[in-house]
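Protein chains in written order, with the working numbering: chain A, 14 to 303; chain B, 3 to 305.
The beta-carbon is built from N, C-alpha and C at its ideal position, and this holds for glycine as well.
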Amino acid sequence: MAVVREKGYAHWDGRLVERRFPWLPIARTGVRLTFRKKAFKFFFAFAFLPPFVALGGIYVSERLEDFKAIVQSNRALLNIDPKYFQAFLTNPSVLFSLLVVLVFAGAGLIAEDLRHSALQLYFARPLRKKDYVLGKMSVVAFFVLVLVALPWLLLVVFKLIFAGSLAFLVQYPWLPLSIAAYAALLTVFFGCYVMLLSSSSRNTRYVVVLIFGVYYFSDVLSEILKGIFRDPHTALFSLRANLQQAGAFLFGQKLPHDVAAGWSFLVLAAVCGLAAVVLHRRIRSVEVIK
Amino acid sequence: MSIEVKDLSFRYGPIQALDGVTMSLGEGAVGLLGPNGAGKSTLLRILLGFLVPEKGEGRVLDYDIRRDQAMIRRSVGYMPESDCFIAGMDAVTFTSYFGELSGMPRREAMKRAHEVLFYVGLGEARYRLLDTYSAGMKQRLKLAQALVHDPKILFLDEPTSNLDPTGRAEVLDLIEDIATKKSIQVILSSHILDDIESICASVVILNKGRLAAEGRMEDLRASRVSLFELRIKGGGEAFRKDLEASGCRIEETEDGLVKVYMPEGAARMDIFRAAARTGVQLRYFVKSRTSLEDLFAGAVGVD
Chain A
14 MAVVREKGYA HWDGRLVERR FPWLPIARTG VRLTFRKKAF KFFFAFAFLP PFVALGGIYV
74 SERLEDFKAI VQSNRALLNI DPKYFQAFLT NPSVLFSLLV VLVFAGAGLI AEDLRHSALQ
134 LYFARPLRKK DYVLGKMSVV AFFVLVLVAL PWLLLVVFKL IFAGSLAFLV QYPWLPLSIA
194 AYAALLTVFF GCYVMLLSSS SRNTRYVVVL IFGVYYFSDV LSEILKGIFR DPHTALFSLR
254 ANLQQAGAFL FGQKLPHDVA AGWSFLVLAA VCGLAAVVLH RRIRSVEVIK
Chain B
3 MSIEVKDLSF RYGPIQALDG VTMSLGEGAV GLLGPNGAGK STLLRILLGF LVPEKGEGRV
63 LDYDIRRDQA MIRRSVGYMP ESDCFIAGMD AVTFTSYFGE LSGMPRREAM KRAHEVLFYV
123 GLGEARYRLL DTYSAGMKQR LKLAQALVHD PKILFLDEPT SNLDPTGRAE VLDLIEDIAT
183 KKSIQVILSS HILDDIESIC ASVVILNKGR LAAEGRMEDL RASRVSLFEL RIKGGGEAFR
243 KDLEASGCRI EETEDGLVKV YMPEGAARMD IFRAAARTGV QLRYFVKSRT SLEDLFAGAV
303 GVD
C-alpha cells in the first residue's frame, strides 16, 4: 500500500531572533525532562522535608506556652538563630537528599548527549560552548536554588510572620544574605561537580555511581587519614566537610573543623577549576578520533 | 554563489584531511562525492564552523566561515551522519527544541515542529519517545530538525546510511522534493553514487582531501570520460592490451560486451586503429552515456 505523506512544506515567514540568553531553552528543557523521570517527583518532594521540620520548629518556638509539655526539656533546640539554619542546611542528611535530586537532574545532562552524539546538533545552532555548559548547569542550579535558597529564605519570612515583628531580622540582619551566599556556593559547587562527572562518561549509570562514589569516598578517605595522622587538615579531603566548613563560615558560626575556612573554599574552587578544564576538553562539536 | 571556498586545508594531527580545496557552489542540489576518508564530512564541518581551517578562506551565503559562524548556523540546516537524538524526548519536543535553539520564538518553533514532522512522514509518531524509533525514523527525525528553522541551505551527511531499500527511496524522495520544489539548496554528501545521481545536478568529487572534479554532471560526463560499447570477434587479449597501452580502461561483461573507457583527449578512431593492428573484427560499436560511477572512477582513479 502506498505511503500517504503530507507534502505540505511551507516556508516559515517569521524572523529568527538573537537571544540575550541562548542557554535558556537548554535549561528549561532540562528541568522539564527531569520532572518526566520516574520516581523523581517522590525524591524531590522528600527533599522538602527538612524545611518543613524547620518550619515546625520555628512555629513551636513562637508558641512555647502552647507546647510547653512537649518541649520542656528541648528548649535549647528551639532557639531560632543563624545556628539553627546552619545546623539544618549543613546537615549530612540534607546534603544527601540534595545529592539524590541532583543525580536525577544532572547525571545524564552531558553523558546522554555524548552517548547519543547530540552535541553536533547543539553546535549546528548558533550556540557557543559556554551557552551549552551554562544551559546544562542551570538545570542543576535550578534544583539547588529551589531546594536551598527558596524554602530557607521563606522560613525567615515565616519566622517574622509567626513573631509578628521584625525583631528577628533586626537582630540577625545578615541571615538572609548568609542563606543566599550558602545557596550560591552549593549551586556553583554542585553545578561544577555534577557537570564534571557527567562529562566524564557516556554511561549515565556510571555517572550516578561516580557522583555518590566520589562524594562519599572523599569522606571515607578523610576519616582514614584523620585516624592515621590525627591532623584536622585531613578534613580538607572530604567534600562534605568542606561544604560544612564553608557553610559554618558563611553563617558566622564556630567552624566544625580546626582548619581555616579559606582552605575549604580553596578545595571547592579547585573542584570547580578541574570541572572547567574537563568540560573544555570534553565538550566538542566534532569528536576527532586520532 | 552560495558557497565559495579558496585553498582550504585542514589536518587531523598527521592526517591531511583537506588539501587546498577551491570550489564554488551555485544553486540547486550539489553532490559531495568521494570514497571514505576523502574529506567530505570535514568540508561540511568546516563550512558549519565546527572545525577551523588550517589555511584558506571561505564564505557561505556571503558569511565568512571564520568570523560569522553564528550567522551561518542560523541560515543552514545540518543533518549529521551518525544517529543523534536526546533520550527521554518525543519528536515534537526534540524538533521544536532545536528550532528554539536556532532562534525561533517558542510557540512558533512548536507549531513549525508539527509541520515538518508531518512533512517528513513522522506525523503519527510525533509523540512517541525517540528511544523507541527505528533507524529509518531517526533518519527522518534528523531531517526534520535540520528543516525546522527553514534554512536556506541544507547540509546532508550520508542521509541514506543504515536504511533499507524502501526507507532509502522514501528519504531520497523527500530530499528531491526539498531540492527541486522548496527552493532550499541541498548539499548532499555521500559515497552512494546512485543517491547523488538521482538527485543532484552538480557534483564535487573529493579524493584524498583534494578536489578531483567539480561541475555540472552533464558537463563532466561530456568532458572527462568517453565510454564505448563494442562486440568483437578475434584475438581479444591483444586488442585489450593495445587499448590499455593507450590509456583506456577495459571492462568485459558476461555476455561478451566490451566497455572501453577512453581518457580525455583520446579519439574513437584509436579503437578502430587498435582493432586493425590486432586483427580484430568490430561487430558492434556504440557510444554509451557515462554514468556517475564511470565519472567517479575516472576522477578518483579506481575501478
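Cβ pair residue i, residue j closer than 8 Å
i, j, result
"Ala-60 of chain A", "Leu-111 of chain A", "yes"
"Ile-71 of chain A", "Lys-172 of chain A", "yes"
"Gly-30 of chain B", "Ala-215 of chain B", "no"
"Ser-191 of chain B", "Glu-160 of chain B", "yes"
"Gly-204 of chain A", "Val-153 of chain A", "yes"
"Ile-198 of chain B", "Val-188 of chain B", "no"
"Arg-48 of chain B", "Pro-55 of chain B", "Position check: residue 48 of chain B holds Ile in this sequence, whereas Arg was assumed. Yes, Cβ-Cβ distance for Ile-48 of chain B and Pro-55 of chain B is below 8 Å."
"Thr-42 of chain A", "Tyr-99 of chain B", "yes"
"Gly-125 of chain B", "Arg-142 of chain B", "no"
"Gly-237 of chain B", "Ala-148 of chain B", "no"
"Pro-95 of chain A", "Ser-191 of chain A", "yes"
"Phe-109 of chain A", "Lys-50 of chain A", "no"
"Arg-69 of chain B", "Gly-105 of chain B", "no"
"Arg-128 of chain B", "Ala-89 of chain B", "no"
"Phe-157 of chain B", "Leu-50 of chain B", "yes"
"Leu-119 of chain B", "Ala-146 of chain B", "yes"
"Ala-261 of chain A", "Tyr-206 of chain A", "no"
"Val-288 of chain B", "Glu-231 of chain B", "yes"
Rounded C-alpha distance that separates residue i from residue j
i, j, result
"Val-290 of chain A", "Met-208 of chain A", "11 Å"
"Arg-295 of chain A", "Ser-211 of chain A", "10 Å"
"Phe-202 of chain A", "Phe-278 of chain A", "10 Å"
"Met-25 of chain B", "Pro-139 of chain A", "25 Å"
"Ala-15 of chain A", "Leu-199 of chain A", "Here Ala-15 of chain A scores only 49 on pLDDT, less than 50, and its place in the model should not be relied on; the value that follows carries that caveat. Their backbone Cα atoms lie some 58 Å apart in a straight line."
"Ala-52 of chain A", "Gly-27 of chain A", "40 Å"
"Phe-274 of chain B", "Arg-233 of chain B", "12 Å"
"Leu-238 of chain A", "Leu-292 of chain A", "30 Å"
"Arg-45 of chain A", "Phe-155 of chain A", "11 Å"
"Leu-34 of chain B", "Phe-136 of chain A", "22 Å"
"Thr-280 of chain B", "Lys-235 of chain B", "11 Å"
"Ser-290 of chain B", "Ile-207 of chain B", "22 Å"
"Leu-37 of chain A", "Asp-144 of chain A", "9 Å"
"Gly-265 of chain A", "Ala-176 of chain A", "23 Å"
"His-24 of chain A", "Lys-184 of chain B", "8 Å"
"Ser-178 of chain A", "His-151 of chain B", "56 Å"
"Ile-93 of chain A", "Phe-225 of chain A", "32 Å"
"Tyr-286 of chain B", "Leu-63 of chain B", "50 Å"
"His-193 of chain B", "Ser-298 of chain A", "23 Å"
"Leu-195 of chain B", "Leu-213 of chain B", "17 Å"
"Gly-39 of chain B", "Thr-162 of chain B", "18 Å"
Same chain, Cβ closer than 8 Å to residue i, neighbours up to 5 away in sequence not counted
i, result
"Ser-248 of chain B", "Ala-268, Asp-272, Ala-276"
"Glu-31 of chain A", "Pro-139"
"Ile-252 of chain B", "Arg-242, Leu-245, Glu-246, Val-260, Lys-261, Val-262, Tyr-263"
"Ile-201 of chain B", "Ala-31, Gly-33, Leu-174, Ile-177, Glu-178, Ala-181, Val-188, Leu-190"
"Arg-18 of chain A", "Since pLDDT at Arg-18 of chain A reaches only 49, below the 50 mark, its modelled position is unreliable, and no value is offered."
"Phe-80 of chain A", "Val-73"
"Glu-110 of chain B", "Gly-101"
Whole-number beta carbon distance between residue j and residue i, since they are thought to touch under 8 Å
i, j, result
"Gln-257 of chain A", "Val-272 of chain A", "Their Cβ separation, rounded to whole angstroms, is 11 Å, which puts Gln-257 of chain A and Val-272 of chain A out of contact at 8 Å."
"Asp-21 of chain B", "Gly-211 of chain B", "4 Å"
"Arg-128 of chain A", "Arg-215 of chain A", "4 Å"
"Phe-96 of chain B", "Leu-46 of chain B", "Wrong, their Cβ atoms sit about 22 Å apart, outside the cutoff."
"Gly-58 of chain B", "Lys-8 of chain B", "6 Å"
Neighbourhood of residue i by C-beta, 6 Å cutoff - its chain only, sequence neighbours within 5 removed
i, result
"Ser-306 of chain B", "The displayed coordinates of chain B run from 3 to 305. Any statement about residue 306 of chain B would go beyond what the structure contains."
"Gly-138 of chain B", "Leu-165, Gly-169"
"Val-113 of chain A", "Phe-56"
"Phe-87 of chain B", "Leu-132"
Other residues of its chain near residue i: CB distance less than 7 Å, five sequence neighbours each side excluded
i, result
"Phe-101 of chain A", "Pro-63, Ala-67, Val-107"
"Phe-12 of chain B", "Ala-19, Leu-20, Thr-44, Ile-48, Leu-53, Pro-55, Glu-56"
"Ser-235 of chain A", "Thr-247, Ala-248, Phe-250, Ser-251, Ala-254"
"Leu-91 of chain A", "Gly-70, Val-73, Ser-74, Val-84"
"Pro-269 of chain A", "Gln-257, Gln-258, Ala-261"
Any non-hydrogen atom of the ligand MN within 7 Å of residue i CB
i, result
"Arg-141 of chain A", "Absence of the ligand MN from the depicted structure is noted, as is the absence of any ligand whatsoever, leaving it without description."
Partners in chain C for residue i, counting only beta-carbon separations shorter than 7 Å
i, result
"Glu-56 of chain B", "No chain C is part of this structure, whose protein chains are labelled A and B."
To be precise: take each residue of the stretch 28 to 41 of chain A, compare its Cβ to all Cβ atoms of chain B, and keep it if any distance is under 8 Å. Which residues remain?
Leu-29, Val-30, Glu-31, Arg-32, Pro-35, Pro-38, Ile-39
At a Cβ cut of 7 Å, what residues of the stretch 203 to 226 of chain A count as close to chain B, listed as they run along the chain?
Nothing from the stretch 203 to 226 of chain A brings a Cβ to less than 7 Å from some Cβ of chain B.
Near-chain A residues of the stretch 83 to 98 of chain B - C-beta to any C-beta below 8 Å:
Ser-84, Asp-85, Cys-86, Phe-87, Ile-88, Ala-89, Gly-90, Met-91, Thr-95
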